[in-house]
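J.: Encoded as structure tokens, here's the structure I'll be asking about.
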Amino acid sequence: MALVMNSENERLQHQRRFSGDLIGITAIVAIGAIGYFVFPDNLALLTRMITIALLVLSLDLVTGYCGVATLGHAALFGSGAYAAGILSAHYGINDPLLMMLAGIAAGAIAGLLSGAIILRAHGLPQLVLSIALIHLFHEFANKASSWTGGSDGLSGIAPDPIFGLFEFDLYGQTAFFFGMTLLLVVFVLLRFLVRSPFGMLCRGIRQDPLRIRAMGGSPMAALIRMYVISGAVAGVGGALNAISTQVVGLDSLSFTQSAEALVMLVLGGTGSLFGALSGTVIFMLFEDYVSAANPFHWLTMVGALLIAVVLFAPKGLFGTAAAFVRRRKEARA
Amino acid sequence: MNPVFEVSNLRKAFGGLAVTNDVSLAMAPGDRVALIGPNGAGKTTFVNLVTGNLSPDSGEVRLGGEAVTKIDAVGRVKRGLVRSFQVTRLFQDMTPAEHVGLAVLQRDGKAKRAFGNFLAMSDVMTEVDELLGKLGLASLMHRRVSEIAYGQQRLLEIAVALALKPKVLLLDEPAAGVPQSDTGRIEQALADLPGDLAVLMIEHDMDLVFRFAKRVIVLAAGAIIFDGLPADVTRDARVREAYLGSYANASHIA
Amino acid sequence: MKKLVFAAVAAVAIGTSAYADPIKVGVIGPFSGPFALQGKNFKAGIDAYMAVNGNTVGSDTVEIVYRDVPQPDPAQSKALAQELIVKEKVQYLAGFYFTPDAMAVTPILKQGNVPMVIMNAATSAIVTKSPLVVRTSFTTWQTSTPIAKVAFDAGVKKVISVVSDYGPGVDAENAFKAGFEKAGGQVVEAIRMPLATNDFSPIMQRIKDSGAQGVFAFLPSGPTTLGFVKAYNENGLKAAGIKFFAPGDLTQESDLPALGDAALGIQTTFHYAVSHDSPENKAFVEAATKAIGNKAELSFPAVSAYDGMYVIYKMIEATGGKQDAEKAVDAVKGLAWASPRGPVSIDPESRHITQNIYLREVAKSDDGTYINKEIQTFEKQGDPGLAAAK
Amino acid sequence: MQTVFSIAVDALAYGMVLFVISIGLSVTMGLMRVVNLAHGAFAMIGGYIASYAARDLGLGYAAAVIAAVVATIIIAIPLERFLYRRIYGAPELTQVLMTIGITFCVIGIANYAMGPTLKTIPLAGALQGSADLGFRTIPVHRLFVILCGLAVALALWFAIERTSFGVKLRASVDDAAMAAALGVRTEIIYAVSFAVAVGLAAFGGVVGAELLPVEPYYALRYMVTFLVVVSVGGAGSIPGALIACLLLGAIDTTGRYLMPEFGEFFFYLAVIAIICVFPRGLAGRVK
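Right, dumping it as structure tokens:
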């Protein structure tokens, strides 16, 4: 072996990945700042992007890191949104932070429930379980219209100003900064999570659950745990959605929302937090742009983008770019 | 010495066919036993019964004196019964350090920690460095598994098993598929296994069996037909019959 | 997000706009997805109005900015409305096909100083959510109440109600029940079926077993109505003499060619039929057909959009182009005019449109196309839904 | 008692419609291992072509059906060659992304080319009207669909289990490399299977159009239903798909009769229950 490096040296190199955290945070802040200055009067859109990004991050935890195929992830997001919304609309508890906590708790509970059902099968049947589940959630919310407003949507959500100072107004400044803060906090926590022993365990489970069992680990317990965490993250997104838009509709619990989140994730690249974020941003910006350019047939363009990504960037946009950069680096080494 | 691993009167039938038929054996710490047998002898079923992936129709499996027959595979691993796989089952996009680190964390019940990177946990890393160093994998510890040679992957399988600090180790053809040039390193690794560990090796390669095992068990049609010293195995009439019945010639075991 | 921006003004108008910024009207509707046809009708109605009446009010140019919400999505609708107000600086919001999308936007109207002209969303309560809401379409209560009287007068005393299980369906059920029981009839059973029902045979069996003499049905316009009407015929309900009553959503003109002969004779009550006979409607249909490209695609949202634009033009006139939502809304309270659908007025109290509701029957016209033929008029109908809610 | 019979007849008819439309998906998903979310798009293309052939060209019903199947296959050939061939054996999520992309494109194009209104396919005279079963009447068309379902099931079963093509197909699926080594031209086998699947989709789209009317959003609207029945049956199994369709048809129909307001709950709870008991589907091939 000519290229032997001693292990200490390699570990240092490995630890440089920690600087990835800084780069990541800087990137999010930078993109947020660019968004803020480029679209200063379209913060509602940016806030919407943040809420969806949280949903996609949450999906990445179970799909990207654990290999669970699901088209029903909006169940977690919508539960969070309804919990936060109902707290305000029915109980008059309008503190945004309390609403956020309610969203996190409801998301986690929905995650536990979803996980307990979806994890009972694998592959295609698993996908179908998730579809059945999201329809049940959706129907349930439709039926419980005295609580959820049914198909008319839950209105009457009126969050107080944060710390009594910053009001959620028409211009969306507060919602945007609130959302950015939440996204950064969630991102940093998830960076810790995915590199922690537990994150490694989950990556192992995705590749070979039997091997994990042979190492004395219990894949089911770990996956359920990850589902609960994922539910909490989705709950943050849902609650943010309820707080920033002050309305919750059945669409937040829909198959369509779930499928769109999955498309964004696969577009960016599964199994990486940056993949989830970049997929969301690129998909939403692209949609925004083409639907402006070709109002009635933008769906065709989105379809073409998805096909092009599969053909030319099979690991997703971020995944393929990252692989390319790595190859370049290795070629130089 | 008390047996650390004991199987008594184990039976398993699929349909009407007895695939494991009244198998009993006992191993003490430090034992080096090879389990051989012609194809279809029931070795795989036996391994699955022992590890808990199948449950027997009757009989008992004991680990360190404790009956584990009703305990599932994961519970048996936690009690010190660890296996390696005939075809390596490694995580292709993870590194050897991560494999061994995960095994160590799992063993210590720390694998559910949602915080901190094991690379920064000095107690874990000391063990990882030591184990991988012993098996000659130190220089590769941060490469992806998909980038390292198959012989090295086999060594990593052993490293992962050892990281779990087993009392009993089941090695399922540890050298299968490895090119001749690399088998030396695997044999060396086997020779260096901890002295107090009970090892049961399932193997086809008789050269390896003779060099490694102090005791050979022959399984045929689900039953043990020979249990004794390696030197005696080729002379045993029933063994010859079992093999000659299924092979064109006996050169394999001669 | 599905943002549609297209300037309704010609390049010439932009060139001459040096002395005055155009007055922008933000329109939110389903311009793609499963309800794209309805969004297309919004646009056709608006284009038709501007083609007939020009794109200027006084010295102000009017510009339309479209935003797409393909399916009910209140959060999206609200985000787009915010963007329209803050970024595009629209003075008026209009459109809104789905109730939740309209509900989501009402809280920000006051702060944005923007009136909202609803061109479809048909739940009664929306107008109570903000004093800046004006509606030029209809409510489900408004269109479903007269049919109860029609049914009773036709000698039907026992009716089974079958509706899609969502807000408007429940509204229709309640409206019909209230009207029918008041007239002296009896609703023997009320069935709510999931929106995503494909096969209606079991429902038809249920209707048969109920022993009702007639069925009242409500389903959203689109593919499912086809299956429902076909099942009604094929399962022998029509032959058995069970009469069919519904609001006009079930027989919207763009679905009629597909329904074909199966729909012949079905009686519905609604606020607008493309075949309505009046000079105003002739002019409207001509302009709207030009705008939509294919007359067969023309349907009821177009006329609400057309009248919505009329209201907005009046508002611009009254405020002289200045942004003053309250003044604009006050100006149209009590406003009465001759709409393509007949005489209409804005009720000063509820800001909802008072209009004629017509009983129509599906028939074949002389040129072989299917039409909703008006056979009876219920004049000056307000919205009974608001009163019922009180 | 009459009601029970009546519901049974409805359930059978509905189940068969589901079967005819979904079975092509079972071929792509089970035998070719492609999660083909664009299945509904092909069914829709078939429906549009039949509608165009019958209404605008004035062809008869039978001719329209044949034209739809043939034309849809012709449209699908380049798609198979340039798009699907790239995702054979790819991870499921990649297949999902690609086939959703194709579906979006087809919807957009259909909306542009055919307009957003409903399209119908006029039935042949013999298929119109209702037949009297003694205790009730049933649309003749439904009887026709039941027959079509049985015919398709038999033909597919025969093709897969009893012909040399079926042997080659199963061999290619189980081990493509081995099959190729044995002289099976797997590319052709895959292309032909894909054509069969697409043809079945188009056939189902046309025959089922009375129940699921043709419009641009068809491709997404019913995608979930197709996916569910095929997976519950066990992808790739003809008898499995048949049993699943009849079972789910029965549950759906009965639920809608007894408690229409909880129709969706019945259906999806049944799906969850079945998959929890049979994680590979009712007759899933062991992978």
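Residue numbers (UniProt numbering), protein chains in the order written: chain A, 1 to 333; chain B, 1 to 254; chain C, 1 to 390; chain D, 1 to 287.
Where a beta carbon is used, it is the ideal one built from N, C-alpha and C, also for glycine.
Please look up how many angstroms separate the CB atoms of B:I158 and B:L135, rounded, as I've assumed it's under 8 Å.
T.: The sequence position of residue 158 of chain B within the second sequence is 158, counting from 1. The sequence position of residue 135 of chain B within the second sequence is 135, counting from 1. The Cβ separation is near 7 Å, so the contact holds.
J.: A:V185: buried (16+ other C-beta within 10 angstroms of its C-beta) or exposed?
T.: Within the first sequence, residue 185 of chain A is the residue found at index 185, counting from 1. With fewer than 16 Cβ atoms within 10 Å of its Cβ, A:V185 is classed as exposed.
J.: Applying the criterion that 16 or more other CB atoms from any shown protein chain within 10 Å of the CB defines a buried residue, is B:Y150 buried or exposed?
T.: In the second sequence, the residue the question calls residue 150 of chain B occupies position 150. It counts as exposed.
J.: Would you be able to state if there are at least three C-beta pairs under 8 Å between the stretch 232 to 242 of chain A and the stretch 85 to 101 of chain A?
T.: Yes: at least three Cβ pairs fall under 8 Å.
J.: Please tell me whether C:Q82 has its Cβ less than 7 Å away from any Cβ of chain A.
T.: Walking along the third sequence from the start, residue 82 of chain C turns up at place 82. Judged by the 7 Å Cβ criterion, C:Q82 is in contact with chain A.
J.: Would B:V23 and B:L10 qualify as a contact pair, given that the criterion is a beta-carbon distance under 7 Å?
T.: Numbered from its first residue, the second sequence carries residue 23 of chain B at position 23. Numbered from its first residue, the second sequence carries residue 10 of chain B at position 10. Closer than 7 Å, so yes.
J.: Taking a contact to mean a Cβ-Cβ separation below 7 Å, would you say C:I147 touches C:T269 in this structure?
T.: Working through the third sequence from its first residue, we reach residue 147 of chain C at position 147. Working through the third sequence from its first residue, we reach residue 269 of chain C at position 269. Yes, the pair counts as a contact, with Cβ atoms nearer than the cut-off.
J.: Consider the Cβ of B:A250: report whether some Cβ of chain A lies at a distance smaller than 7 Å.
T.: To locate residue 250 of chain B, count along the second sequence from 1; it is residue 250. Reliability of the predicted coordinates at B:A250 is poor, the pLDDT of 43 falling under 50, and the value obtained from them is presented with this limitation in mind. Not closer than 7 Å to any Cβ of chain A, the Cβ of B:A250 fails to qualify, so no.
J.: What does a CB cutoff of less than 6 Å around C:K89 pick up in its chain, not counting 5 residues either side in sequence?
T.: Taking the third sequence and counting its residues from 1, one reaches residue 89 of chain C at position 89. Within the same chain, C:K89 has no close Cβ partners at all.
J.: Please list the partners that C:S201 has in chain D, where partner means a Cβ-to-Cβ separation under 8 Å.
T.: Here residue 201 of chain C corresponds to residue number 201 of the third sequence, with the count starting at 1. Per Cβ cutoff of 8 Å: D10, A13, Y14 and T253.
J.: On the DSSP bridge assignment, give the partners of C:V344 in chain order.
T.: Residue numbering aside, residue 344 of chain C sits at position 344 when the third sequence is read from its first letter. C:W337 and C:Q355.
J.: Tell whether a beta-carbon distance below 7 Å holds between C:G222 and C:F200.
T.: The residue given as residue 222 of chain C occupies position 222 in the third sequence. The residue given as residue 200 of chain C occupies position 200 in the third sequence. No; because the gap between Cβ atoms is not below 7 Å, this pair is not in contact.
J.: How big is the Cα-Cα spacing for D:F226 and C:E83?
T.: On the fourth sequence, position 226 is the one that residue 226 of chain D refers to. On the third sequence, position 83 is the one that residue 83 of chain C refers to. Distance between the alpha carbons of D:F226 and C:E83: 39 Å.
J.: Is the beta carbon of D:A76 less than 7 Å from the beta carbon of D:V206?
T.: Counted from its first residue, the fourth sequence places residue 76 of chain D at position 76. Counted from its first residue, the fourth sequence places residue 206 of chain D at position 206. No, the pair does not count as a contact, with Cβ atoms beyond the cut-off.
J.: Against chain A, which members of the stretch 230 to 243 of chain D pass a CB distance test of less than 9 Å?
T.: So the list reads V230, S231, V232, G234 and A235, given in the order they occur along the chain.
J.: How should C:I375 be labelled, buried or exposed, when 16 other C-beta atoms within 10 angstroms of its C-beta is the threshold for buried?
T.: Here residue 375 of chain C refers to the residue found at position 375 of the third sequence. Its Cβ having fewer than 16 others within 10 Å, C:I375 is exposed.
J.: Closer than 9 Å, Cβ to any Cβ of chain D: which residues of the stretch 141 to 160 of chain A, in chain order?
T.: Those residues of the stretch 141 to 160 of chain A that come within reach of chain D (Cβ to Cβ, closer than 9 Å) are N142 and K143.
J.: Quickly, what does DSSP pair B:D172 with across the bridge? List them, please.
T.: By 1-based counting over the second sequence, the position of residue 172 of chain B is 172. Beta-bridge pairing links B:D172 to B:I202.
J.: Along the stretch 25 to 55 of chain D, where does the CB come closer than 8 Å to a CB of chain A? Name the residues.
T.: Here the close residues are M29 and V35.
J.: Using 8 Å for Cβ pairs, my map puts A:M284 next to A:I52. What's the rounded Cβ distance?
T.: Here residue 284 of chain A is taken as the residue at index 284 of the first sequence, counted from 1. Here residue 52 of chain A is taken as the residue at index 52 of the first sequence, counted from 1. About 7 Å separates the two Cβ atoms, so the contact holds.
J.: Output yes if chain D places a C-beta closer than 7 Å to the C-beta of A:A121; else output no.
T.: The sequence position of residue 121 of chain A within the first sequence is 121, counting from 1. At least one chain D Cβ lies under 7 Å of A:A121.
J.: Under the DSSP definition of a beta bridge, which residues are partnered with C:D68?
T.: Your numbering for residue 68 of chain C matches position 68 in the third sequence. Paired residues: C:G29.
J.: Any residues in the stretch 193 to 221 of chain C with a beta carbon nearer than 8 Å to a beta carbon of chain D? Which ones, in chain order?
T.: From the stretch 193 to 221 of chain C, only M193, P194, A196, T197, N198, D199, S201, P202, I203, Q205, R206 and D209 have a Cβ closer than 8 Å to chain D.
J.: Looking at the structure shown, is C:N113 part of a helix, part of a strand, or coil, going by DSSP?
T.: Walking along the third sequence from the start, residue 113 of chain C turns up at place 113. Looking at C:N113 - three-state DSSP - the assignment turns out to be coil, as it is neither helix nor strand.
J.: If you compare alpha carbons, which of A:T256, A:D251, A:V266 and A:P197 is closest to A:Y82?
T.: The residue labelled residue 82 of chain A in the question sits at position 82 within the first sequence. Closest option to A:Y82, Cα to Cα, is A:D251.
J.: Could you run through the stretch 164 to 181 of chain A and flag, in chain order, every residue whose CB is less than 9 Å away from some CB of chain C?
T.: Per Cβ criterion, the list reads D169, L170, Y171 and G172.
J.: Mind listing the chain A neighbours of D:M259? Cutoff is C-beta to C-beta under 8 Å, in chain order.
T.: Reading the fourth sequence from its first residue, position 259 is the one you call residue 259 of chain D. Under the 8 Å cutoff, chain A gives no residues; its nearest Cβ is about 12 Å from D:M259.
J.: From D:L282 to A:L223, what does the alpha carbon distance come to, in whole angstroms?
T.: Taking the fourth sequence and counting its residues from 1, the one referred to as residue 282 of chain D is at position 282. Taking the first sequence and counting its residues from 1, the one referred to as residue 223 of chain A is at position 223. Straight-line Cα distance between these residues: approximately 26 Å.
J.: State buried or exposed for C:Q111, treating a residue as buried only when at least 16 other CB atoms are found within 10 Å of its CB.
T.: As a first step, residue 111 of chain C must be located in the third sequence, where it is residue number 111. By the neighbour-count rule (16 or more Cβ atoms within 10 Å), C:Q111 is not buried but exposed.
J.: Which chain B residues sit within Cβ distance under 7 Å of A:R195?
T.: What you label residue 195 of chain A is simply residue 195 of the first sequence in a count that begins at 1. Correct list: N117.
J.: Counting only Cβ-Cβ distances shorter than 8 Å, please list the residues of the stretch 80 to 95 of chain D near chain A, keeping chain order.
T.: Cβ contacts with chain A: L83, R86, I87, A90, E92, L93 and T94.
J.: Is C:I242 helix, strand or coil when you go by DSSP?
T.: As a position in the third sequence, residue 242 of chain C is number 242, starting the count at 1. DSSP places C:I242 in coil when its eight states are reduced to three.
J.: Whole beta strand (DSSP E) runs in the stretch 254 to 306 of chain C with 3 or more residues, listed along the chain?
T.: Within the stretch 254 to 306 of chain C, the complete beta strand (DSSP E) runs of at least 3 residues are 267 to 270.
J.: If the cut is a Cβ gap below 8 Å, which residues of chain A does B:R89 touch?
T.: Translated into positions along the second sequence, residue 89 of chain B becomes position 89. What B:R89 touches in chain A: D208, L210, R211 and A214.
J.: Any chance the stretch 359 to 373 of chain C sits against the stretch 157 to 171 of chain D, with 3 or more Cβ pairs inside 8 Å?
T.: Touching, no.
J.: To which residues does DSSP link D:K119 through a beta bridge?
T.: Here residue 119 of chain D refers to the residue found at position 119 when the fourth sequence is read from its first residue. In the DSSP output, where bridge partners are listed per residue, D:K119 has D:V214.
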